[in-house]
Structure formats: structure tokens, C-alpha cells
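Peer 1:
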Amino acid sequence: MIGRIGSRALETGKFISDWMEHRSGIVTMLEHFLYEPVPKRGAWIYTLGSAALFTITLQFLTGILLLFYYVPTTDHAWGSIYYIMNEAYFGTMIRGIHYWSANFLLVVIGLHMAQVFFSGGYKAPRELNWVVGVILLLLVIVLAFTGYLLRWDQDGFWASVVGIKIGSYSPFVGAQVTHFLLGGDVIGPATLSRFFAIHVWLLPAALAPFIGIHLYLLRRHGVFGSEFEYTNRLAKLHERQRLEEFERYEEDEGERYVGRRDRADRE
Amino acid sequence: MAELQKDPITRKDLLGLGVLGAVVGAILTIPPAAFVLGPVIRTDVLGETNVSNDWFRAGSIEEVPAKEPQVFEVEFPIDQAYAGDVQKAGPQTQRSQNEFAVKNAIWVSWKTEILPDGSYGESLRPAFLSGGVNEPLNQEQIQEVQETLNVLSNSCAHLGCPVRWFEAEGVGEFRCPCHGGIYNINGSLVSGPPPRGMYSYTSEVREDGNIYVKHEFDVGGGLNEQAPFVI
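Line by line, the protein sequences are chains A and B. Quick note: our numbering has the first sequence finishing at residue 267, numbered continuously throughout. Quick note: our numbering has the second sequence finishing at residue 1231, numbered continuously throughout.
Below, the structure is given as C-alpha cells:
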């Protein structure tokens, strides 16, 4: 009984994936995005990029949740966070994840950069991906900086005063940078609004496409070895899959095997 | 070489596209840029400020002892973003009954002689104050007081953290909690990272013996010219 349900479910799953593959090529795409030949030795070190992506995803999710209660005005910001921390169900957990994964994110990015640097992963043709990665790093740093003020407590307030005043030492545009961040010439309600807009809308919106470019370039060149080696490995992988496919096709002859065969023909 | 443009483009078309692109680009970018950079335009180009330009009372000169600064808190009303305009438009509405202000701590001390080894000599506190303030002060007394008074901002000249007066073994100094800037009783830099001494307010002493301040600071008057900015 259970065996029959199992095989039935398997069949249905296969049917759905074939159906999707035939219409959108999603299976091939996932295969391309998820299969990554890496050396067996030290394979775990290649997960640092995924770890960064995972923590960023956590930031997005918990950030969206925090927005359900947070009020970005000088007279309510602190109080709304107090509410999140003391009254809202699991508020401490949601905000704790946002806070700690933000801290871990910077650590993970540092390790990720070190791994790429020491393994020479920034060399041709991957220089552009290093540049995109540095842009991502800067965006994350500014996100961390602007998020600090939103608490509107003594800690975040004075840290932001220090940060904004560091900007005032910029050559030639010190005053303009400061007044842009302050939204005036003193720290006040406009400053909080600005930091909120930058933290919640501007930078996440800028971050997302750069993550996309980063991943696209990663998949274009691979993380390991030369381009030649990588394409060679991928070709071997596809060849093996094709042979397996062919064998299976011969086994249950007569059944229609639209999706996969279609893909094999196309290649 | 990768080639994007298949058809050759004439000079006329190129120039036309360039002009059209510039016009469309300007229409698309100028409004949002001006919208976001409004505060920069207002403060740095038009020279406006969010802070009220009035004089505010800090405290009485009587309260300031010799050889030790006295702190006064002053709230300067500000008009920034939604703070002021809403109240003007509808003073009776619930929307914003709060007055927005920047709260400044002002350290006031009498100018003190600094000996070559850095310790404090005689305080220049006017002698007529020893018997208390007899109102109204005459012009000479006001003159003397204004010349011997330090009216200092507590915002560190380094990165704006609030400095405090510490006294240890009879010697006092202003210390910054963030990066260890140290100033003496006159607000001059003793050690640490700040590029100059503490900022002084524009201040005046009136006949009633009170110190009045404006939200204005000396920008020069130190090792380099650096505005206090975030106060």
C-alpha cells in the first residue's frame, strides 16, 4: 500500500518536473546553477559564499518582519523596538536573528574574501566578479551603518554621530556629505527618515541585482580551476547523464520521455 | 571582437541621439536628485539652517565656580522635515504637538592661566563676583565677564562624542569617552586625536548676569578649520 503510494508520488513528481522542464527549462537551469564541481579536499571552504547568501536572505526575511512593528519617527522608534523586544510574540528572536546574522554576515564576507584571495580566485577571467563582490561588501557595510541609527537609542545615536562626522573629514565634499546624511545641518527627525529610507529601501534594492550579477558571473566561470577545465568537467557530467538517460530510455521503451530527451537532443 | 551595432550610424543621427539622450536624461535625473539632495542645497548653497537663530539663556555667571566648569543644558528649537511646517499649518492638530529641538550641553568656565607644566594657575574669575551678582551689571563688568568666560560645546572636535569634566587628584580635564581626546579647562587641546580645541558658542552676558548663547560656533581658532557639523 505504502509502496504503491510512494511510486505513485514519484511518478507524479516526475511528470510535473518533466512538464515544467519542457515548458521553461527549469530543471536544466537548476542543474546548471546547483551542480558545481569542486575538489574533494577542502570542499567545505567553498560554502562560504552560500553562507553569505544565506545570512543575507535571513536579513531580508527578518527585516521584512521587523517592519510590521517598527515606526521610523524620532518619538516612536525606540518605543516600537521596545514593543518588539517585550510584547510581540517571538520579537526577541526575530530581532535577535536580524542583529546576529548581520554581525555574522560581515564575518562570513571577510572569510569568503580571504578564501577567494588566497586561492587566487580573483584572477582572469574572474576579476569582474571580485569587483562586484567588493561593491556588495560596501553595500553591506553601509547597511550595517544605517541600521544602527534606526534603534534611536544612546548607543546607535552616538555611533551614528561619530560615523557621520567621519564623513565630514572627506576632502572637498565633507560638508555636503554630512548634510546629505543628516538631512539638514543638525541630527533630527530628517536624519532618521533618511537612514530608514537608505536602510530599508535603497540599499536592499541595490543589493539584490548585484547578488544576481555575482551569481551569474560565478556560474559563467565556476569557482574552481580554469575555464577550460570547468567546461570540460561540465561536458563530462552531461555526457554521463546522457548515457544514463539513454540506458533508461532503452529499458522502458515505448514510454514517452518528452522532457529529458528533448533537452538531450537540443544539446 | 563583440559587435553590437550592425548598421552603421551617421554623424547626424549620432549627434541627434546624443542631444535627445541628454535632454531625456536631465528630465529623468534632475528632479529625483534635487529631491534627495534638498538639505545639501538648502544648507550649503542657500546657507539656511534648521536651528532657531535666537538667543537662548544658558545660566547665571554666579553658578560658575573658579577652577571648575559648570554645565548648562540648552534646547535649541529646530525646524527639520516634518517638525516645523506641520505645526505652523495646523497648530491644533494632533499630528505633531512636540517641539523638536537639539539639546546641547554647554560647559562654561572662567579662563584660567595654564602653567608651563600644564597645571592650572590663577583663575581669571572677576573679583566683583565674590560678593554675588548685583543686578544690573554695568558695562565694564559685562565687558570683563565676557572676556574671561569660556562658553564651550561638549561635542568633541574629533568625532562629536560628548566630553565630560573629570577630576583626579585635584587636576581636572575634559575627556572624550570615544577616542580619548583630552582638553584643559579653557577647552584647548591637551592630547588625543582631535584636530583642534573645543568649539566655543557665540555668547553674550547681559545685565541680569545671565549667559545667552546662539547655535553658532567658531570654525577657525584651532589647528585647522573644521566645522562642528553634528551638534
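Glycine included, C-beta positions come from ideal geometry on N, C-alpha and C.
#1: Tell me, to the nearest whole angstrom, how far the beta carbon of Gly183(A) is from that of Arg194(A); I am working on the premise that it is less than 8 Å.
#2: Give a yes or no on whether the minimum CB-CB distance between His98(A) and chain B is below 8 Å.
#3: Who are the neighbours of Gln176(A) on chain B, taking C-beta pairs under 7 Å?
#4: Is Ala190(A) close to chain B, meaning its C-beta is less than 8 Å from at least one C-beta of that chain?
#5: Just checking my contact of Thr1148(B) with Arg1125(B) at CB under 8 Å: how many whole Å lie between their CB atoms?
#6: The alpha helix (DSSP H) with Asn86(A) in it runs from where to where?
#7: According to the Cβ coordinates, are Pro1077(B) and Ser1052(B) closer than 8 Å?
#8: Rounded to the nearest angstrom, what separates Phe1229(B) and Arg151(A) at their Cα positions?
#9: For a cutoff of 8 Å on Cβ pairs, would you count Ser80(A) as touching chain B?
#10: Assuming Val140(A) and Leu217(A) make a contact with CB atoms under 8 Å, what is their CB distance in whole Å?
#11: Against chain A, with Cβ distances strictly below 8 Å, would Val1163(B) count as a contact?
#12: Verify the CB distance criterion: does Gly156(A) have a CB-CB separation below 8 Å to chain B?
#13: Under 7 Å, CB to CB, which of the residues in the stretch 193-211 of chain A have a partner in chain B?
#14: Find the residues of chain A that neighbour Cys1178(B), judging by a C-beta separation of less than 8 Å, and give them in chain order.
#15: Nearest-angstrom Cα distance between Ser50(A) and Ala114(A)?
#16: Specify whether the stretch 1175-1184 of chain B and the stretch 1131-1140 of chain B touch according to this definition: at least 3 beta carbon pairs, one from each stretch, less than 8 Å apart.
#17: Does any C-beta atom of chain B lie closer than 8 Å to the C-beta of His179(A)?
#18: What does Asp153(A) reach in chain B if we use C-beta pairs closer than 8 Å?
#19: Please go through the stretch 1094-1123 of chain B and give each complete alpha helix (DSSP H) segment of 4 or more residues, from N-terminal end onward.
#20: Give a yes or no on whether 8 Å exceeds the smallest Cβ distance from Gly1047(B) to chain A.
#21: Going by DSSP, what residue range makes up the beta strand (DSSP E) through Lys1214(B)?
#22: Which residue marks the beginning of the alpha helix (DSSP H) containing Asn129(A), and which one marks its end?
#23: For a cutoff of 8 Å on Cβ pairs, would you count Ala1022(B) as touching chain A?
#24: Counting pairs of Cβ atoms below 8 Å between the stretch 1040-1051 of chain B and the stretch 1193-1209 of chain B, do you hit three or more?
#25: Should Leu182(A) be flagged as near chain B, meaning a C-beta pair shorter than 8 Å?
#26: Say whether chain B places a C-beta atom closer than 8 Å to the C-beta of Lys165(A).
#27: Which residues, in order along the stretch 94-121 of chain A, keep a beta-carbon less than 7 Å from a beta-carbon of chain B?
#28: Rounded to the nearest angstrom, what separates Tyr188(A) and Leu136(A) at their Cα positions?
#29: Under the three-state reduction of DSSP, which class applies to Pro1077(B): helix, strand or coil?
#30: Under 8 Å, Cβ to Cβ, is there at least one residue of chain B near Val140(A)?
#31: In angstroms, rounded to a whole number, what distance separates the CA positions of Phe1100(B) and Gly120(A)?
#32: Using a Cβ-Cβ distance under 8 Å, would Val1230(B) count as near chain A?
#33: Quick one, which residues of the stretch 66-90 of chain A are near chain B if we go by CB-CB under 7 Å, in chain order?
#34: Distance cutoff 8 Å, beta carbons only. Does Ile1106(B) sit that close to anything in chain A?
#35: Can you tell me whether Arg1095(B) is buried or exposed, with buried defined as 16 or more other CB within 10 angstroms of its CB?
Peer 2: With the given structure in hand:
#1: Gly183(A) to Arg194(A), Cβ: 5 Å. Contact.
#2: No, its Cβ sits nowhere closer than 8 Å to a Cβ of chain B.
#3: Within chain B, the residues placing a beta-carbon under 7 Å from that of Gln176(A) are Val1040, Asp1044, ordered along the chain.
#4: It does; some Cβ of chain B falls within 8 Å.
#5: Between the beta-carbon of Thr1148(B) and that of Arg1125(B) there is about 7 Å, and that keeps the pair under the 8 Å contact cut.
#6: Looking at the DSSP string, the run of the alpha helix (DSSP H) that includes Asn86(A) is 77-86.
#7: In this structure, Ser1052(B) lies closer than 8 Å to Pro1077(B) by Cβ.
#8: So the two alpha carbons sit approximately 22 Å from each other.
#9: Cβ-Cβ to chain B under 8 Å: no for Ser80(A).
#10: Distance from Val140(A) to Leu217(A) at the Cβ level is roughly 18 Å; contact not present, criterion being Cβ atoms closer than 8 Å.
#11: Not closer than 8 Å to any Cβ of chain A, the Cβ of Val1163(B) fails to qualify, so no.
#12: Among the residues facing chain B, Gly156(A) is not included, as its CB has no counterpart in that chain under 8 Å away.
#13: Result list: Ser193.
#14: Simply Trp158, Val162.
#15: Their backbone Cα atoms lie some 15 Å apart in a straight line.
#16: Too few Cβ pairs lie closer than 8 Å, so no.
#17: Among the CB atoms of chain B, one or more fall inside 8 Å of the CB of His179(A).
#18: The premise fails here: Asp153(A) is roughly 15 Å from chain B at the closest Cβ pair, so nothing lies under 8 Å.
#19: Counting only runs of 4 or more, we get nothing.
#20: Not a single C-beta of chain A is nearer than 8 Å to the C-beta of Gly1047(B).
#21: Start and end: 1210-1217.
#22: According to the DSSP assignment, Asn129(A) belongs to the alpha helix (DSSP H) that extends over 127-149.
#23: So no, Ala1022(B) is outside the interface.
#24: Per the Cβ contact rule, the stretch 1040-1051 of chain B is not in contact with the stretch 1193-1209 of chain B (fewer than 3 Cβ pairs under 8 Å).
#25: So, interface residue.
#26: For Lys165(A), the nearest beta carbon of chain B is closer than 8 Å to its own beta carbon.
#27: The residues in question: there are none.
#28: Sequence check: residue 188(A) is Gly here, not Tyr. C-alpha of Gly188(A) to C-alpha of Leu136(A): approximately 29 Å in a straight line.
#29: Pro1077(B): strand per DSSP, three-state reduction.
#30: With 8 Å as the cut-off, Val140(A) does not count as an interface residue toward chain B.
#31: Whole-angstrom Cα-Cα distance: 54 Å.
#32: Contact with chain A is found for Val1230(B), since one of that chain's Cβ atoms lies less than 8 Å from the residue's Cβ.
#33: Of all residues in the stretch 66-90 of chain A, Asp75 have a Cβ within less than 7 Å of some Cβ in chain B.
#34: With respect to chain A, the C-beta atom of Ile1106(B) has no partner C-beta closer than 8 Å.
#35: In this prediction, Arg1095(B) scores a pLDDT of 47, lower than 50, which makes its location untrustworthy; the coordinate-derived value is nonetheless stated afterwards. Exposed: under 16 other Cβ atoms inside 10 Å.
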